[in-house]
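A short worksheet on the structure shown next.
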Amino acid sequence: MSNLEPSRVVSKVEKERENDLRTQRFKSVALKLLFYGFLVLIWHLFANLETLKHFLFPTPLEVLVTLWNGISDKSFVYAIYASMKRLLIGYLISLIIGLPLGLCLGRIKWMDETIGSLSLGLQALPSICWLPLAILWFGLNEIAIQFVIIMGSILSITLTVRDGVISISPILLKAAQVLGASKIKLYTHVLVPASLPYILTGARLGWTFAWRSLMAAELLYVSAGLGSILTMGRELHDMAMVISAMLIIIGIGLFFDKLIFGYLEHFIAVRWGTK
Amino acid sequence: MPKIDLINVNKIFLGKTGVVHALNNVNLTIEDGEFLCIVGPSGCGKSTFLNVVAGLTNVDDGEVLIDDMPIKGPGTDRVLIFQEPALFPWLNVIQNVAFGLRMAGLLKEESYERARALLRIVKLSKFEKSWIHELSGGMKQRVALARALALDPNVLLMDEPFAALDAQTRDMLHEELEILWLETGKTIIFVTHNVREAVRLGSRVILMTARDGKIKREYKIDLPRPRHIEDNELIDIARIIRDDLKEEVLKVSEEVI
């Protein structure tokens, strides 16, 4: 039998729990480090095999050097800037149009039956298929690329927000009506916050689609941007440059998807009680 | 003085399983300050009754009057409380309670002040900054009650508000509701399938028929207050009503067989 006072038992348990958590976290990080270290090692050994054409298989170190050079001579920085600028403009336009449109589709039946069904149909088309049309309509310029980004992201934003509005528990809407919410305030004070988890999912999906559309468009149609670094790397047979660009693209994608959207989604899931 | 009048009210739902006459030529007068309880088997039209008075559902025929004026849509003079608390999860407790006041155009400070007073009444002052998911079922229903009371409606419509709560919490909320009614003199229409709860609370209990949406019988409850759900007299009255209710429930089950 233990003869500790209650408060000391609590602090003892707390300490143990904390230690357990710390060990767990440490193990998970260590495992990841080990795995990626192993991957890089294999890559390194593989790249040094005599049988492979070296220019097709650079070592990790060479890729790192290329990456560093690209950043220090600013060529990668400009490419990132060009791509991000396009992405942000196209994505913001998609959000500004897609969000209210999705809210309306979820509430107004005739709009859902017309614009809603059109959106659903157009979503079957991969956004890069809009590029030929966009180039013929707008010419080989920024507008064409923006168009492809918008077509790629706006539909998923609109349709996810629409689903969010439809899935709002009817009792919340009734409660708001009974408490005197007018038609306009129902949108701003109930529909938007109630469907916020969906709005965020829509924003995240829209971001992913915008990012992919942009990369596809930049690959097909040479211009300053990350996609053009990939193309340039291919043309110069510079695999280190190709892989560097790929790493940058992965990095940016992860940063927005996991860090920014991941954090926001977690925050809202906790607040809305869905987690 | 009559507060709410239903004159030859009819409401019909066309469902997949056939026609449901939820309200069938219902004539009923609810006096100002009355505590009316409506009991009946499930699917008998009790909730439809409340939705009609709340203005959320239109009637197919007949008239529904409040203070001699026809009801046209929801109004904050009569607030409906649901079985689920239906609180807004993106707002904390005090923001939920102040919601109706904010909708009515009150400033934040003013509405919070009134919300705080109501949180004191429902004994949740300590939780004004809590999020909804942090509350227990009974606390949530208290917040819903405070949110409805914030608008100071003349009529409270309650649709099985305590059905999902445990017996102890329910007892406590019965007490609080009784005190509130005695102190404010509001008109309350309380729908439940629990006969004892109806006798515990109501000054009049109405029994609705199964399926055909009529008022089968009404019972005046003249027991002294404060009442307790285990009072002998209360149990005796409840037994009489329950026997009548059983007839209705059997009707439904015979139909099914």
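Chains as they are written, first to last, in this note's numbering: chain A, 3 to 277; chain B, 388 to 644. The beta-carbon is built from N, C-alpha and C at its ideal position, and this holds for glycine as well. If you're wondering where the values come from, they're calculated on a predicted model, not measured in any experiment.
Status (buried if at least 16 other CB within 10 Å, exposed otherwise) for GLY72 (chain A): Residue environment analysis places GLY72 (chain A) among the buried positions, since at least 16 neighbouring C-beta atoms fall within 10 angstroms of its C-beta.
Contacting residues, own chain, Cβ-Cβ under 6 Å from MET388 (chain B) (five flanking each side not counted): ASP419
Assumed close pair THR556 (chain B), GLY525 (chain B) - CB separation to whole angstroms, cut-off 8 Å: Right, the Cβ-Cβ distance comes to about 4 Å (below 8 Å), so this counts as a contact.
N- and C-terminal bounds of the beta strand (DSSP E) containing GLY432 (chain B): Unbroken run through GLY432 (chain B): none, as it is neither H nor E.
Chain A contact for HIS520 (chain B) (CB, 7 Å cutoff): Residue-level contact check: HIS520 (chain B) touches chain A, since one or more beta carbons of chain A fall below 7 Å from its beta carbon.
TRP568 (chain B) beta carbon less than 7 Å from that of PHE436 (chain B): no
Status (buried if at least 16 other CB within 10 Å, exposed otherwise) for VAL12 (chain A): Of the residues assessed, VAL12 (chain A) falls on the exposed side of the cut-off, its CB having fewer than 16 other CB atoms within 10 angstroms.
Burial state of TRP70 (chain A), where buried means 16 or more other Cβ atoms lie within 10 Å: Exposed, because fewer than 16 other Cβ atoms sit within 10 Å of the Cβ of TRP70 (chain A).
Buried or exposed (CB count within 10 angstroms, at least 16 for buried), MET545 (chain B): buried
The stretch 75-95 of chain A / the stretch 189-203 of chain A touching (three or more Cβ pairs under 8 Å): no
Inter-residue Cα distance where the pair is VAL167 (chain A) and TRP274 (chain A): Rounded to whole angstroms, the gap between the alpha carbons of VAL167 (chain A) and TRP274 (chain A) is 15 Å.
Residue range of the unbroken beta strand (DSSP E) whose run includes PRO389 (chain B): 389-402
Residue environment, ALA32 (chain A), which counts as buried when at least 16 other CB atoms sit within 10 Å: Classification of ALA32 (chain A): exposed, given that the 10 Å Cβ count is below 16.
Straight-line Cα distance separating ASN397 (chain B) from HIS268 (chain A): About 48 Å.
Rounded straight-line distance, which links the Cα of ALA550 (chain B) to that of ASP558 (chain B): A straight line joining the alpha-carbon of ASP558 (chain B) with that of ALA550 (chain B) spans about 12 Å.
Pick from B:ASN541, B:ASN414, B:ARG501 and B:PRO548 that is closest to ARG604 (chain B), judged by C-alpha positions: B:ASN414
At least 3 beta-carbon pairs within less than 8 Å: the stretch 479-487 of chain B vs the stretch 529-543 of chain B: The stretch 479-487 of chain B vs the stretch 529-543 of chain B: in contact.
Minimum Cβ-Cβ distance from MET490 (chain B) to chain D less than 7 Å: The structure shown has no chain D; the protein chains it does contain are A and B.
Cβ-based contacts, 9 Å cut-off: residues of the stretch 591-612 of chain B near chain A: Result list empty, no residue passes.
Residues near PRO472 (chain B) in its chain [Cβ-Cβ closer than 7 Å; skip 5 each side]: LYS527, GLN528, VAL530 and ALA531
Continuous beta strand (DSSP E) assignments of at least 3 residues falling wholly in the stretch 470-549 of chain B: 542-546
Close-in-space but distant-in-sequence residues of the same chain around ARG629 (chain B) (CB under 6 Å, 5 per side omitted): VAL582
Contact with chain B by ILE173 (chain A), beta-carbon distance below 7 Å: Using beta-carbon distances, ILE173 (chain A) counts as an interface residue toward chain B, with a partner under 7 Å.
Minimum Cβ-Cβ distance from TRP274 (chain A) to chain B less than 7 Å: yes
Opening and closing residue of the alpha helix (DSSP H) in which LEU232 (chain A) lies: 228-237
According to DSSP, residues forming a beta bridge with ASP448 (chain B): B:ASN397
Contact list for the stretch 469-496 of chain B against chain A, Cβ threshold 7 Å: PHE469, GLU471, ALA473, PHE475, PRO476, TRP477, PHE486, GLY487, MET490 and ALA491
Paired residues, beta bridge with ILE608 (chain B) - DSSP: Answer by DSSP bridge pairing: none, since ILE608 (chain B) is not bridged.
Neighbourhood of PHE140 (chain A) by C-beta distance below 7 Å, restricted to the same chain and skipping five residues each side: ALA146 and PHE149
Element boundaries [alpha helix (DSSP H), containing ILE288 (chain A)]: Outside the modelled stretch of chain A, which goes from 3 to 277, sits residue 288 (chain A), for which no answer is possible.
Beta-carbon proximity list for ASP618 (chain B), same chain, < 6 Å, skipping 5 on both sides: none
Residue closest to LYS185 (chain A), alpha-carbon to alpha-carbon, out of A:CYS106, A:GLY39, A:PHE59 and A:ARG236: A:CYS106
Beta-carbon separation (whole angstroms), ILE231 (chain A) vs MET217 (chain A), contact threshold 8 Å: ILE231 (chain A) to MET217 (chain A), Cβ: 11 Å. No contact.
Rounded Cβ spacing between ALA226 (chain A) and TYR80 (chain A) (contact assumed at less than 8 Å): 6 Å
Which of helix, strand or coil DSSP assigns to ARG465 (chain B): strand
Proximity test, Cβ basis, 7 Å: VAL440 (chain B) and chain A: no
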